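Each residue of the sequence shown is one higher than the one before, counting from 1 in full-length UniProt numbering. Here's the structure we're looking at; comments come further down.
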Amino acid sequence: MKKHIVLLPGDGIGKEVMESAKAVLNTIAEEFNHSFSFESHDIGGAAIDRHGNPLPPETTAACKKADAVLLGAVGGPKWDANPSHLRPERGLLGIRKELGLFANLRPIKGFEKLLHSSPLKEEVVKGSDLLIVRELTGGLYFGTPSERRDNGQVVVDTLFYTRSEIERIVDKAFQCAQQRRGHLTSVDKANVLESSKLWREVVEKKKQQYPDVTVEHVLVDAAAMKLITNPSQFDVIVTENMFGDILSDEASVLTGSLGMLPSASLREDGFGLYEPVHGSAPDIAGKGVANPVAMILSAAMMLRHSFQLTVEADVIEDTVESILNAGFHTADLKNAGKKVGTEEMTSLIIGSIKTRS
Ligand code: NAI
Ligand code: MG
């Protein structure tokens, strides 16, 4: 298979972990006879420094022509005092919008060896392996009007969805559930919100198309509680934009480190942008100690969701798990075992892919 991938390393550890992901993808290409070509572009702080714009037009144009995009992270203290149009995050929000990415997928897995790295009790996190599917381009964050009125004494935000916007995200979630353990939890606030009533209606209708998936509706407040008291009951969770924002940050503590969490943001045709959940980590940037796992697992998600290379994605995910279970870990994870840096972690993963594939 021949694919062209745009790399947006960004700032801080984004650059370091991107090198790891690229090396892993090159190994996969060699082992499985694929041809991956790469093209790097600036985004965020790096792009402000070089082009005076957090999202230069050439970056956007290159992403639109690519088969998929990998992004590191943006930001850092150097640009914190900049006016809002010259902030690194502008690059991130801009590219997601330009590419029309409506579905955000965040898998969260409690790896056996890392259970004690979680702030929650080991027996609570044990066995948790879930995927949050968050609607990314609608809902409360984009609905209009959103404004202050009457000299600022009255405010309004709008939770707006069309039936087709709900249908496409719900479809995506059902398809993910089919590829996993076949259970979908739809999270809403249908006891109060009109938008949630339509959401529930759509899920109920759609489930006839996916008879192999079991469906459960949970109110968002109850879901927030269940996520930290009994996370292993979840397989796929689907929810609207703001609920998903909050629940995915809550769920991210299950694994113990931000350095473990990948994400995908997808368009309807399968095109996607893949990035770790973490930021540019200025406190450790340049030290060679960043955990590359979140970025590497993001590359695996790219193989799975944009290129349908399921076997290759499985190989990366299984290898990462086996290296962690063998006791190797970066400094962000506090397990007993052998502490390694970014490069050594990457080499271990690459070496193990070569022996198993
Ligand atoms: P952060 O995720 O960069 O770091 C939070 C803490 O986790 C730090 O102590 C960091 O060292 C650690 N950490 C994060 N990723 C790690 C990894 N792969 N390996 C080892 N340790 C890791 O979040 P923070 O500090 O709030 O933000 C730093 C900068 O990143 C800010 O400029 C912020 O705006 C930006 N940011 C960018 C994001 C993105 O590009 N998607 C997301 C979040 C923050
Ligand atoms: Mg958030």
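The beta-carbon is built from N, C-alpha and C at its ideal position, and this holds for glycine as well. The structure presented is a predicted model; accordingly, all values stated were derived computationally and were not measured.
Task: Residues near Val24 in its chain [Cβ-Cβ closer than 8 Å; skip 5 each side] - done: Indexing the sequence shown from 1 puts residue 24 at position 24. Closer than 8 Å at the Cβ level, and outside the excluded window around Val24, lie Ile296, Ala299, Ile316, Thr346, Ile349, Ile350 and Ile353.
Task: Val170 versus Ser186: straight-line alpha-carbon distance, rounded - done: Translated into positions along the sequence shown, residue 170 becomes position 170. Translated into positions along the sequence shown, residue 186 becomes position 186. Distance between the alpha carbons of Val170 and Ser186: 9 Å.
Task: Thr162: first and last residue of the uninterrupted alpha helix (DSSP H) it sits in - done: Taking the first residue of the sequence shown as position 1, residue 162 is located at position 162. Neither: Thr162 is in no alpha helix (DSSP H) and is coded neither H nor E.
- [ ] Give me the Cα-Cα distance between Pro211 and Pro282, rounded to the nearest whole angstrom.
- [x] Here residue 211 is taken as the residue at index 211 of the sequence shown, counted from 1. Here residue 282 is taken as the residue at index 282 of the sequence shown, counted from 1. For Pro211 and Pro282, the distance between alpha carbons rounds to 47 Å.
Task: Distance, Gly94 Cα to Thr255 Cα - done: If you number the sequence shown from 1, residue 255 lands on position 255. If you number the sequence shown from 1, residue 94 lands on position 94. Spanning the two alpha carbons is a distance of roughly 29 Å.
TODO: State the CB to CB distance for the pair Ile237 and Leu130, rounded to an integer number of angstroms; the pair is presumed to be in contact (CB under 8 Å).
DONE: Counting from one through the sequence shown, the residue named residue 237 turns up at place 237. Counting from one through the sequence shown, the residue named residue 130 turns up at place 130. With a Cβ gap of about 6 Å, Ile237 and Leu130 count as contacting.
TODO: Could you say if the stretch 128 to 144 and the stretch 329 to 339 meet the contact criterion of at least three C-beta pairs nearer than 8 Å?
DONE: no
Task: Pairwise C-alpha distance: Phe328 and Lys339 - done: In the sequence shown, the residue the question calls residue 339 occupies position 339. In the sequence shown, the residue the question calls residue 328 occupies position 328. Between Lys339 and Phe328, the C-alpha separation is close to 6 Å.
Task: Where Asn26 falls: helix, strand or coil (DSSP) - done: Against the sequence shown, residue 26 aligns to sequence position 26. Helix.
TODO: Classify His305 as buried or exposed, calling it buried when 16 or more other Cβ atoms lie within 10 Å of its own Cβ.
DONE: Here residue 305 is taken as the residue at index 305 of the sequence shown, counted from 1. Buried, by the Cβ-count rule.
Task: Supposed close pair Met18, Gly72 - CB separation, criterion 8 Å - done: By 1-based counting over the sequence shown, the position of residue 18 is 18. By 1-based counting over the sequence shown, the position of residue 72 is 72. About 5 Å; that satisfies the 8 Å criterion.
Task: Contact between the stretch 62 to 82 and the stretch 104 to 123 (3+ Cβ pairs under 8 Å) - done: no
Task: Simplified DSSP state of Phe36, which is helix, strand or coil - done: Translated into positions along the sequence shown, residue 36 becomes position 36. Correct three-state label for Phe36: strand.
- [ ] Quick one: using the 10 Å Cβ neighbour count with 16 as the cut-off for buried, is Gly14 buried or exposed?
- [x] The count along the sequence shown starts at 1 and reaches residue 14 at position 14. Its Cβ being crowded by 16 or more others within 10 Å, Gly14 is buried.
TODO: Return yes when the Cβ of Val311 is within less than 8 Å of the Cβ of Val293, no when it is not.
DONE: On the sequence shown, position 293 is the one that residue 293 refers to. On the sequence shown, position 311 is the one that residue 311 refers to. Result no, Cβ atoms of Val293 and Val311 do not sit closer than 8 Å.
- [ ] Enumerate, from N- to C-terminal direction, the unbroken beta strand (DSSP E) stretches of 3 or more residues contained entirely within the stretch 87 to 111.
- [x] 103 to 109
Open item on the list: Can you look up Thr239 in the DSSP assignment and give me helix, strand or coil?
Closed with: Numbered from its first residue, the sequence shown carries residue 239 at position 239. Strand, per DSSP.
Task: Buried or exposed by the 16-neighbour rule on C-beta atoms within 10 Å, applied to Val133 - done: Against the sequence shown, residue 133 aligns to sequence position 133. Looking at its Cβ environment, which holds 16 or more other Cβ atoms inside 10 Å, Val133 is buried.
TODO: Just confirm the distance between the C-beta atoms of Leu247 and Ala224, as a whole number of angstroms; I'd bet it's less than 8 Å.
DONE: What you label residue 247 is simply residue 247 of the sequence shown in a count that begins at 1. What you label residue 224 is simply residue 224 of the sequence shown in a count that begins at 1. The Cβ separation is near 6 Å, so the contact holds.
- [ ] Quick one: measure Cβ to Cβ for Glu240 and Glu147, integer angstroms, because I've assumed they're closer than 8 Å.
- [x] Locating residue 240 in the sequence shown gives position 240, where the first residue counts as 1. Locating residue 147 in the sequence shown gives position 147, where the first residue counts as 1. The Cβ separation is near 21 Å, so there is no contact.
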